[in-house]
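Following: one structure in structure tokens, then a few remarks.
Numbering (the numbering used here), first residue to last: 597 to 733.
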């Protein structure tokens with residue numbers, strides 16, 4: 597797994613460490629799409645805070661703290677929590693895009709390429725959560 601770099605900063609802000617499991621070409625493509633949108637530029641302070649986040653942070657940003665877990669399991673469960681949080685946000689975005697296209701016309705959605713990329717990102721998030729969840733079996 598690669599180390600986080602500013603190349604995926606916007607995507608990392610949306611889906612957390614799951615960005616590390618995505619192919620680089622997909623990260624670049626999604627980053628360009630996010631940069632072309634209304635997303636504000638990342639500040640050095642924001643990037644610094646993203647880098648400082650512990651891998652044990654759950655989807656709510658709090659450390660996964662459950663007594664009696666074996667070493668490393670807290671981080672794995674936190675990863676599942678982050679992936680599910682990101683997956684929920686992704687599906688909400690896709691549903692909103694679908695509804696906008698349905699009620700507002702073809703130009704009101706995200707576009708086919710972006711929707712396809714988000715579906716692929718969702719698959720990767722689900723796969724990553726499954727790997728983390730079942731890694732101790």
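A virtual CB, placed ideally from N, CA and C, is assigned to each residue, including glycine.
Put simply, of 630, 604, 730 and 609 the residue whose alpha carbon is nearest the alpha carbon of residue 710 is 630. No residue range can be given for residue 658, since it is assigned to no alpha helix (DSSP H) and is classified by DSSP as neither H nor E. The three-state reading of DSSP puts residue 718 in helix, counting H, G and I together. Pairing residue 653 with residue 720 gives a Cβ-Cβ distance that is not under 8 Å. Rounded to whole angstroms, residue 614 and residue 698 show a C-alpha spacing of 30 Å.
It is roughly 11 Å from the alpha-carbon of residue 724 to the alpha-carbon of residue 673. Selection 712, 705, 662 and 623 evaluated against residue 692 yields 705 as nearest (Cα-Cα). In the displayed model, residue 683 falls within a helix according to three-state DSSP.
Nearest in C-alpha terms to residue 685, of all of 718, 669, 664 and 726, is 718. Taking C-beta atoms as the reference points, residue 655 and residue 626 fail to come closer than 8 Å.
Between residue 715 and residue 663, the alpha-carbon positions lie close to 35 Å from each other.
Taking all protein chains shown into account, residue 677 has 16 or more neighbouring C-beta atoms within 10 Å of its C-beta and is therefore buried. Distance between residue 707 and residue 700, taken at the CA atoms: about 13 Å. Using a 10 angstroms sphere on the CB of residue 606, the tally of other CB atoms reaches 16 or more, which defines it as buried.
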